Each structure stands twice: as C-alpha cells, then as structure tokens.
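S.K.:
2 protein chains.
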Amino acid sequence: MSDVVAERWLDGMTGLQREDGESVAEQIASVLRSRIIQGQIQPGVRLSEEAIAASLDVSRNSLREAFRLLAHDRLLKHEKNRGVFVRELDAAAVREIYQLRLTLELSAIDTARAAGGADTAVLRDSVNAGLTSAVKEEWVDVGTANAAFHQALAGLAGNSRVDEVMSQLMAELRLAFHVMQPIKDFFSPYLPDNVRICELVEQGRWDEAGDALRSYSERAESQLLDALSSLDDVPLTASGT
Amino acid sequence: MSDVVAERWLDGMTGLQREDGESVAEQIASVLRSRIIQGQIQPGVRLSEEAIAASLDVSRNSLREAFRLLAHDRLLKHEKNRGVFVRELDAAAVREIYQLRLTLELSAIDTARAAGGADTAVLRDSVNAGLTSAVKEEWVDVGTANAAFHQALAGLAGNSRVDEVMSQLMAELRLAFHVMQPIKDFFSPYLPDNVRICELVEQGRWDEAGDALRSYSERAESQLLDALSSLDDVPLTASGT
DNA sequence: GCATATTTGTCCGTATGTATA
DNA sequence: CTATACATACGGACAAATATG
C-alpha cells in the first residue's frame, strides 16, 4: 500500500479531442487541470507517466511537457526521479494565497476608484451564477462561480498579468477545497458577501467594498485553515478512495 | 533575410555543467534565462531547436521541456508550428508590469507597517550593491542590483508567491531594458531613490516610503515607455548584431 | 542489507504537418 | 506551385534512480 496512484479516474478517457490550434501538451494540461480542479484526482496521488500516456493515447514526451506546464501552475509537484504528484496545500500556502488574493483585489478596487467607475457586468454575472447554482444545489458549480467572482473582482484592474496570477491562485485554492468533506455548504455562507461586495462596487462605495472584502478574506482564510488543521488530527489511514 | 536566428551567441557553450539535482530541462532553462536577461539573446530572435540542442549537447525533448518553462515565464513566446522567440515587450506590457510591481511593493510596505517593522538587511544590501556597481561603472550589475532592490522590497511581505511573481516581472523588464542603447545611465538616476526608499522603510516612515515609491514607479514607467516609442520611429533595418 | 522490478530521465530515429522561400 | 526547412509528435531504447519483497 502507501502508493496512491491515479488509475481509477481515467475511466472515461477515450483520448482527448484534437481540434484546433492547441498543441498536444496544452490539451493534456487542460484535461489534467480540470480533473484536478474538479477534485477527480486528489492531492497527493502520483501521476504515472506510463499509465496516463496510455489512457490519453499520447507519447510520454508530450505528457512530460504537459507536466511541466502544470507544475509551473503549482497544481503538480515534480520530484526528481520520483514522479509528479498532485500538490497538497499546507497552512502556510493557504495564508499566502489569501494574502496575495486580497492584495490584488484591493488594488483592483483602487484602480476602479481612480477610473471613476468600472464595468461590473462580469462581476454581476458571476454573482448571479453562484446564486442560481446554489438554488440547484450544484456545489461544484458554486465553487466555480465563486472563483469567477474573485477573478472578475481582480479583473477590474484591467491587467492581464493580474488576471493570470489570480487564475492560478484560484485553481490552487481548489486543491484545499476538495480536501474538505462538506464542500456542500462551504461556499454558501459567502454568497451574500459576494452580492454585497458587488453592489458596493457598482455604487462606487469603494472604501466599504474594501472593508467588506478584508473581513470576507479573513473569515474565509480562518475557516479553511481550521478545516485543514482538523484534518491533520485524523490519522486518515489512506482510505482507498 | 528577416529571419533572425540565434546562432552567434552560442559560441562559448561547451555544454552545461551537470552537477546537482537539477534536471536537464531546468539547467537548460537557467542557461537560456541568464542569456536572455543579460541581453546576449535579443528580443525577437528565434531559438532553433536543432541548433541549440546541438550546441548545448542535449536532446530536443529536454530542450522543448525547457522552452515550456521559459514560455511560461513570458521570456519566450511559443508560436505554434513556427517555433519559440525571445519575447518583445510592447507599451501595454510595460504598463502592466509597472502597475503590478507597484501594487506588490506597496502591499509589502503595508505588511511591514502592520508588523511594526521589517528586516531590511537584504534591502540595504541590494542598495549598496547598486552603488558599488555604479562606481565601478558595471551597468549590467547595476541593473541586477536594481532588480534585487525591488525583489527585496516586495519580499517584505514574506510571501513566497509574491516573490515568484516579482522575479518574473523583473526578468521580463530586462527584455525592455536591453532594447535601449544607453543602458549605461538608465539606472543611475534611480540609485538615490533606492537609497531614500530604503531609509524610509528602515525608519518606519511607511507613508512617505509609499509616496516615494509611487512617484518612482511613475517616473520609471514613463521613461521606459518614451524610450520604447522612440525606438519604434527608427526603422531599425535588422542590423546584423 | 540485498536482489529485483518498476519508474523516471534522457536520448535517438523518424514520420507528419505546417510555414516559408 | 513546388521544394525545403522546421516544428510537432510518436515510439523505442537504455541508463539511472527508486521502490519493492
């Protein structure tokens, strides 16, 4: 035992659709990224080159290029001569992510303030998407909408580099989310906050939006850290699934 | 003509030193990164897989892995079926970089303020390194020290993810620096600013440090944008070197 | 601690498709 | 339009490191 390798998750993989101009490595990276983000491949498991190359029907060379891309996104961890593993977030990483996310979001609000307003269409859309998904009790989609909300908030800065950093941060956070059992109602408490912050931004009440965001971030970080530390207590005897 | 390929720069390459635990791809990436940062490979030139693989005595598979890493760092631009090119910065990219850098630095100062102080040893070291390099008129080292200064400033946040983003931003900025002819005295005007900001941080005068940084950033961005736009006027007839 | 099996690291050869002269 | 050069992608091979019994 002790060697947890991703085998089961590659059931429905009949090869990736090769359509337009994306290279094979990028297509592989996209497939693996979504599997990881959706929690179908859990943190800590090793990704076997041979097995995945076979199930995706690609060469090991292309697969290794994809691994490089995902490792750079911090979704995979490359250990020399041992293989690649789905990253596991520790408390320090969670703190760093929340700190950086808050920084970028507050800065984006400042940019909007300086510009005398902002286009809040996408922000509003993400909020609504979260609400409707919550009604339908599709919690994974709620999580996706939540990520889109933060993405849109930081997007007010109008800086593509900020956007890229944010999308990495949010993808990374998913790693921690899926470790928690009751993902069902993890995001629910924050839906009203999203609504509130969106309204404040729309109304140009920047300081209040910033304050709301700060308390929001602090609360979310604490909750996630608590959930993580409580998991450490459990011995978790490497239960199969 | 019109096809500028890197050939000449790989003169002194007798293969890369394979020492410790770094993979070949990472070693290749390190070599290419430093060549690009130091301006030995100019923006826009294509990096031939065959030529570089031969001169570095590595396989094209490993080289392609290294290309993926550098493309993700935005130092290379991957154009499908055309190859990889050293990235060229346009005005929009420069503006984004300066905006994000300023955001991270101001946030770091805020963190230091909240912590009631900060360890400014590395910051002071980078400032001194810049001064001594300026005295010796080694301008490339002055640029390196300047990058280290900003790295140390953002490092006050104590966030490794911020550090990583910053190092990417500073590496990217080098691409623009090397396009300018008189790199000799580009950084010199900012040495007093570095000293001043360092002192303000050391003395805990956070607001003044932030203000100084803002004006610093604005000035540097304008100067670089001016230099870039003036270059666009010149036809630059693809002079050999 | 040792022998073996597995897996990664790296290279080579080659066929195919794409862009450019 | 053809020809050439190149990137793309694959599969096989072997060495080196690691994991297993």
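Chains A and B are the protein sequences, given in the same order. For what it's worth, the numbering used here labels the leading residue of the first sequence as 1, then goes sequentially. For what it's worth, the numbering used here labels the leading residue of the second sequence as 1001, then goes sequentially. Where is the CB? At the ideal position from N, CA and C, for every residue including glycine. Predicted, not measured: the structure shown is a model, and the values here were computed from it.
Could you check where the beta strand (DSSP E) with M85 of chain A kicks off and where it finishes?
M.R.: Here the sequence assigns Phe to residue 85 of chain A, which means Met is not the residue at that position. From DSSP, the beta strand (DSSP E) with F85 of chain A extends over 83 to 86.
S.K.: For T14 of chain A, which residues from the same chain have a beta carbon less than 6 Å from its beta carbon, with the 5 sequence-adjacent residues on both sides left out?
M.R.: Residue placement at T14 of chain A is flagged as unreliable, the pLDDT there being 47, under the threshold of 50; the coordinate-derived value follows with that caveat. Same-chain partners within the cutoff: there are none.
S.K.: In the DSSP assignment, find the unbroken alpha helix (DSSP H) run with H178 of chain A in it and report its ends.
M.R.: Careful: H178 of chain A lies outside any alpha helix (DSSP H) and carries neither H nor E.
S.K.: With distance defined between alpha-carbon atoms, name the residue in A:S215, A:L153, A:V127, A:V84 nearest to G143 of chain A.
M.R.: Out of A:S215, A:L153, A:V127, A:V84, A:V127 has the C-alpha closest to the C-alpha of G143 of chain A.
S.K.: Would you call the CB atoms of L1191 of chain B and L1131 of chain B closer than 9 Å?
M.R.: yes
S.K.: Among B:A1176, B:G1158, B:E1218, which one has its Cα closest to the Cα of L1228 of chain B?
M.R.: B:A1176
S.K.: Cβ atoms of R1095 of chain B and E1221 of chain B: under 9 Å apart, would you say?
M.R.: yes
S.K.: If V1122 of chain B and A1152 of chain B are in contact, beta carbons under 8 Å, what's the gap, nearest whole angstrom?
M.R.: 5 Å
S.K.: Give the straight-line distance between the Cα atoms of E1202 of chain B and R1196 of chain B, rounded to the nearest whole angstrom.
M.R.: 10 Å
S.K.: I need the straight-line Cα distance from T1120 of chain B to G1204 of chain B, nearest angstrom please.
M.R.: 11 Å
S.K.: How far does the beta strand (DSSP E) with E79 of chain A in it extend, from its first residue to its last?
M.R.: 76 to 79
S.K.: Any residues in the region 63 to 77 of chain A with a beta carbon nearer than 7 Å to a beta carbon of chain B? Which ones, in chain order?
M.R.: R64, E65, R68, L69, H72
S.K.: Taking the C-alpha atoms as reference points, what is the distance between A212 of chain A and D193 of chain A?
M.R.: If you draw a straight line from the Cα of A212 of chain A to the Cα of D193 of chain A, it is about 8 Å long.
S.K.: Does the CB of S1167 of chain B have a neighbour CB from chain A at under 9 Å?
M.R.: no
S.K.: Look at A1129 of chain B and A1114 of chain B and say whether their C-beta atoms are less than 9 Å apart.
M.R.: no
S.K.: When you compare the CB of L224 of chain A with every CB in chain B, is at least one pair closer than 9 Å?
M.R.: no
S.K.: Anything in the region 1115 to 1128 of chain B with a Cβ closer than 8 Å to a Cβ of chain A? List those residues in chain order, please.
M.R.: none
S.K.: Can you pull out the residues from the region 153 to 166 of chain A whose beta carbon lies closer than 8 Å to at least one beta carbon of chain B?
M.R.: If the cut-off is 8 Å between Cβ atoms, the region 153 to 166 of chain A has A157, N159, S160, R161, V162, V165 near chain B.
S.K.: Examine the Cβ distances between the region 1024 to 1041 of chain B and the region 1056 to 1076 of chain B and report whether three or more of them are shorter than 8 Å.
M.R.: Per the Cβ contact rule, the region 1024 to 1041 of chain B is in contact with the region 1056 to 1076 of chain B (3 or more Cβ pairs under 8 Å).
S.K.: On the three-state DSSP scale, how would you describe V1165 of chain B?
M.R.: helix
S.K.: Using the Cα positions of E82 of chain A and L69 of chain A, report the straight-line distance between them to the nearest angstrom.
M.R.: A small fix is needed here, since residue 82 of chain A is Arg in this sequence, not Glu. Using only the alpha carbons, I get a separation of about 18 Å.
S.K.: Any beta-carbon of chain A closer than 9 Å to the one on S1055 of chain B?
M.R.: no
S.K.: If K1080 of chain B and S34 of chain A are in contact, beta carbons under 8 Å, what's the gap, nearest whole angstrom?
M.R.: Between S34 of chain A and K1080 of chain B the Cβ distance is about 21 Å, and since that is not below 8 Å, they are no contact.
S.K.: Establish whether the CB of A1100 of chain B and some CB of chain A are separated by less than 9 Å.
M.R.: The question names Ala, yet the displayed sequence has Leu at residue 1100 of chain B. Cβ-Cβ to chain A under 9 Å: yes for L1100 of chain B.
S.K.: Enumerated in chain order, which unbroken segments of the alpha helix (DSSP H) with a length of 4 residues or greater are wholly contained in the region 82 to 128 of chain A?
M.R.: Runs of the alpha helix (DSSP H) inside the region 82 to 128 of chain A: 91 to 114.
S.K.: Got a sec, what are the start and stop residues for the alpha helix (DSSP H) I41 of chain A sits in?
M.R.: No alpha helix (DSSP H) holds I41 of chain A; DSSP gives it neither H nor E.
S.K.: How is the alpha helix (DSSP H) around G1204 of chain B delimited, first residue to last?
M.R.: Careful: G1204 of chain B lies outside any alpha helix (DSSP H) and carries neither H nor E.
S.K.: So the candidates are B:S1188, B:E1172, B:G1117; which of them puts its Cα closest to the Cα of K1136 of chain B?
M.R.: B:S1188
S.K.: Does G1021 of chain B come within less than 9 Å of chain A when only Cβ atoms are used?
M.R.: yes
S.K.: So which residues of chain B does K136 of chain A contact, with C-beta pairs closer than 9 Å?
M.R.: Going along chain B, no residue has its Cβ under 9 Å from K136 of chain A, so there is no contact; the nearest lies around 34 Å.
S.K.: According to the neighbour-count rule (16 or more other Cβ atoms, all chains shown, within 10 Å of its Cβ), is Q1038 of chain B buried or exposed?
M.R.: exposed
S.K.: On a Cα-Cα basis, can you pick out the residue from A:L200, A:D110, A:E199, A:A134 that is closest to L156 of chain A?
M.R.: A:D110
S.K.: Can you tell me which of the three DSSP states F1149 of chain B falls into?
M.R.: helix
S.K.: Note down, in chain order, every chain A residue with its Cβ under 8 Å from the Cβ of I1097 of chain B.
M.R.: R161
S.K.: Could you tell me the distance, in whole angstroms, from the CA atom of F1186 of chain B to the CA atom of R1087 of chain B?
M.R.: 21 Å
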